[in-house]
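Q: Chain order of the listed sequences is D and G.
For the first sequence, the residue numbers in our numbering are 3 to 343.
For the second sequence, the residue numbers in our numbering are 6 to 91.
C-beta: ideal position from N, C-alpha, C; glycine also.
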Amino acid sequence: MPVSEAYSACVLSCPDTCAYVVTVENGRVVRVRGDPRHPYTLGRCCPKGYPHVLRTYHQHRLRHPLSRNETGNFVRIAWDEALDETAEWMREAKKRYGPQSVGIYSGSGNDGMPPRLAARFANAFGCRMMPGIVEICFEGPYEGARSNVGPFPPHELSDCVDSQCIVIWGTDKFESSLHTKQVIQQAIDRGAKLIVMDPRRTPHAKMADTYTTIRPGTDAALALGIANEIIRRDLYDHDFVNKHVLVFEEYRTRAAEYDKERVSEITWVEPDTIEKIAVAFATHGPALTATAPAGMNHYTNGTWAARTVHSLLADGVEEPCLRQNASGHSETSWSEAWATG
Amino acid sequence: MHPDTAKHLGLRHGQLVDTESRHGVVRAVELLLTDDIDPRVVWTSDGWWLHDGNMNIFTQDRHTAFGHTPGFNSVLVRVVESSQTE
Numbered sequence: 003m004p005v006s007e008a009y010s011a012c013v014l015s016c017p018d019t020c021a022y023v024v025t026v027e028n029g030r031v032v033r034v035r036g037d038p039r040h041p042y043t044l045g046r047c048c049p050k051g052y053p054h055v056l057r058t059y060h061q062h063r064l065r066h067p068l069s070r071n072e073t074g075n076f077v078r079i080a081w082d083e084a085l086d087e088t089a090e091w092m093r094e095a096k097k098r099y100g101p102q103s104v105g106i107y108s109g110s111g112n113d114g115m116p117p118r119l120a121a122r123f124a125n126a127f128g129c130r131m132m133p134g135i136v137e138i139c140f141e142g143p144y145e146g147a148r149s150n151v152g153p154f155p156p157h158e159l160s161d162c163v164d165s166q167c168i169v170i171w172g173t174d175k176f177e178s179s180l181h182t183k184q185v186i187q188q189a190i191d192r193g194a195k196l197i198v199m200d201p202r203r204t205p206h207a208k209m210a211d212t213y214t215t216i217r218p219g220t221d222a223a224l225a226l227g228i229a230n231e232i233i234r235r236d237l238y239d240h241d242f243v244n245k246h247v248l249v250f251e252e253y254r255t256r257a258a259e260y261d262k263e264r265v266s267e268i269t270w271v272e273p274d275t276i277e278k279i280a281v282a283f284a285t286h287g288p289a290l291t292a293t294a295p296a297g298m299n300h301y302t303n304g305t306w307a308a309r310t311v312h313s314l315l316a317d318g319v320e321e322p323c324l325r326q327n328a329s330g331h332s333e334t335s336w337s338e339a340w341a342t343g
Numbered sequence: 006m007h008p009d010t011a012k013h014l015g016l017r018h019g020q021l022v023d024t025e026s027r028h029g030v031v032r033a034v035e036l037l038l039t040d041d042i043d044p045r046v047v048w049t050s051d052g053w054w055l056h057d058g059n060m061n062i063f064t065q066d067r068h069t070a071f072g073h074t075p076g077f078n079s080v081l082v083r084v085v086e087s088s089q090t091e
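1. Where does the unbroken beta strand (DSSP E) through Ala8(D) begin, and where does it stop?
2. Work out the CA separation of Glu263(D) and Thr39(G) for me, nearest whole Å.
3. Who are the neighbours of Glu141(D) on chain G, taking C-beta pairs under 7 Å?
4. What number of angstroms, rounded off, separates the C-alpha of Pro270(D) from the C-alpha of Arg192(D)?
5. List in chain order: all unbroken alpha helix (DSSP H) runs of 4+ residues lying wholly within the region 195 to 230 of chain D.
6. For Asp317(D), report the span of its beta strand (DSSP E) as first-last.
7. Rounded C-beta distance between Gly15(G) and Leu36(G)? I'm assuming under 8 Å.
8. How big is the Cα-Cα spacing for Tyr22(D) and Ala11(D)?
9. Please compile the residues from chain D whose C-beta is within a distance smaller than 7 Å of the C-beta of Arg67(G).
10. DSSP three-state call for Ile232(D): helix, strand or coil?
11. Could you give the uninterrupted runs of the beta strand (DSSP E) lying entirely in the region 9 to 67 of chain D, keeping only those of 3 residues or more?
12. Can you check DSSP and say which residues form a bridge with Tyr107(D)?
13. Nearest by alpha-carbon distance to Asp37(D): which of Val31(D), Thr25(D), Asn28(D), Cys20(D) is it?
14. In chain order, what residues of the same chain lie with their CB nearer than 8 Å to the CB of Arg39(D), ignoring the 5 residues before and after it?
15. In terms of residue numbering, what span does the alpha helix (DSSP H) encompassing Glu252(D) cover?
16. Would you please verify whether the beta carbon of Trp306(D) is less than 8 Å from any beta carbon of chain G?
17. Asp41(G) versus chain D: which residues are under 7 Å apart at the beta carbon?
18. Could you give the distance in angstroms between the alpha-carbon of Lys278(D) and the alpha-carbon of Glu86(G)?
19. Let's see if you can read the secondary structure: which residues bound the alpha helix (DSSP H) around Ile79(D)?
20. Could you please tell me which residues of the region 213 to 239 of chain D, in chain order, have their CB closer than 8 Å to any CB of chain G?
21. Mapping the DSSP letters down to three states, classify Arg70(D) as helix, strand or coil.
22. Which first and last residues belong to the beta strand (DSSP E) in which Leu38(G) is found?
23. Given that a residue counts as buried once 16 or more other Cβ atoms are within 10 Å of its Cβ, and exposed if not, what is Met115(D)?
24. Can you round the beta-carbon distance between Ile228(D) and Ile276(D) to whole angstroms, since I take them to be within the 8 Å contact cut?
25. Following the continuous alpha helix (DSSP H) through Glu145(D), name the residue where it begins and the one where it ends.
26. Spell out a yes or no on whether the region 242 to 250 of chain D and the region 207 to 227 of chain D are touching, meaning 3 or more CB-CB pairs, one atom from each, closer than 8 Å.
27. Helix, strand or coil for Glu158(D) per DSSP?
28. Taking Ala292(D) as part of the beta strand (DSSP E), name the residues at either end of that continuous run.
29. Output the distance between the C-alpha atoms of Glu145(D) and Ser26(G), rounded to the nearest integer angstrom.
30. When DSSP labels each residue in this structure, what does Leu21(G) get in the three-state scheme?
31. Considering only residues of the same chain and omitting the five flanking positions on each side of Val198(D), which have a CB-CB separation below 6 Å?
32. Excluding the five sequence neighbours on either side, which residues of its own chain have a C-beta within less than 8 Å of the C-beta of Ile42(G), listed in chain order?
33. Taking the straight line between their C-alpha atoms, what separation do you get for Arg130(D) and Glu231(D)?
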């Protein structure tokens, strides 16, 4: 029986994008396993990725177009019919209202080439392609971060290992980010403090040096409260501020409105805890803040929440990465991270 | 939902509940209790099907001031025993 191996990657819209080795027997995929040579995912994949084989051949998988009839039921139609009908609707919409009246949406969990080809198709047609998860997840936090620090490349995941203070802010890295979880554990093993803010007591919350709940929608107030404590106690890096931070005085004035008692009323976080987080963050660095493109950013004030958290940078005690990490300010963190593999 | 909250509302683990916000209601979702959540907060899975707790029903159309992100995680809801028995 002819057996071959092919190389592919997970398409489930997770940013880790696990590399796969796919075993094919007689033209049929029989096994998916992680590729250990992929430096980011190291051959370790999650339980959502491994069942791709089952998903691919599942009896309920839709394999042909359906059309809704007068009774509201879906019935199978031919591909030619489906394509002609869709083309006619698009042509008519373009004629009457212009190409931008058509939107192409890819949903999520089906990344890979099809959305890329759909994007190219949208360019040719002159309409918009809405990538599935960007506008509901990523756009807010990206815009918030960009407003503060401009476009910035994320840190290497391996940089996390050098952190001495890890703040997991409103995201469950333990259960939903297995590659981040691993480097966080390495940092903890090397003495990093762990701080977790989350209304859910996640597995990382149970391991944390400091854990606090937080009232949903108030993360921006907590970030300003932490900033106020750091500035008030003069724990920020003056040199960094002079060299790299614009309008610091205005920031200081704004943060001063958020004393820990007021912030505690807004956020449900105890005043002592706000103080404790601020001191650990500022003095037990290099610190990193792990947020998610969901969590605190899924509020109607979510973009501002991202801005205030990124504003903690202005204190010169951390470097951010929107997705997961940050570490020391020096280039040496690279070699150290690589050395520990 | 936290067990204390459930007790206060007269709800039990495993029963069907209706959850409503100012914008919509999702009926007959199974209630699960856990100590690992703030008693003042409830959490729902997301999904297309209503019995998975489709949170799009709850959210308002207002998005973030810039960045166009909807407020999935800051919705005020009321949870009551379900009017459906399914």
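A: According to the structure shown:
1. 5 to 11
2. 30 Å
3. Gly72, His73, Thr74
4. It should be noted that the sequence gives Trp, not Pro, for residue 270(D). Computed Cα separation, rounded: 31 Å.
5. 205 to 209
6. Looking at the DSSP string, Asp317(D) is not in any beta strand (DSSP E), and its letter there is neither H nor E.
7. Between Leu36(G) and Gly15(G) the Cβ distance is about 11 Å, and since that is not below 8 Å, they are no contact.
8. 5 Å
9. Thr302
10. helix
11. 21 to 27, 30 to 36
12. Met132(D)
13. Cys20(D)
14. Ala21, Gly45
15. 250 to 258
16. yes
17. Arg202, Arg203
18. 41 Å
19. Here Ile79(D) belongs to no alpha helix (DSSP H), and DSSP marks it neither H nor E.
20. Thr215, Arg217, Pro218, Gly219
21. strand
22. Neither: Leu38(G) is in no beta strand (DSSP E) and is coded neither H nor E.
23. exposed
24. 6 Å
25. 141 to 151
26. no
27. coil
28. 289 to 292
29. 28 Å
30. strand
31. Ile170, His206, Ala207, Ala210, Tyr213
32. Met6, His7, Trp48
33. 45 Å
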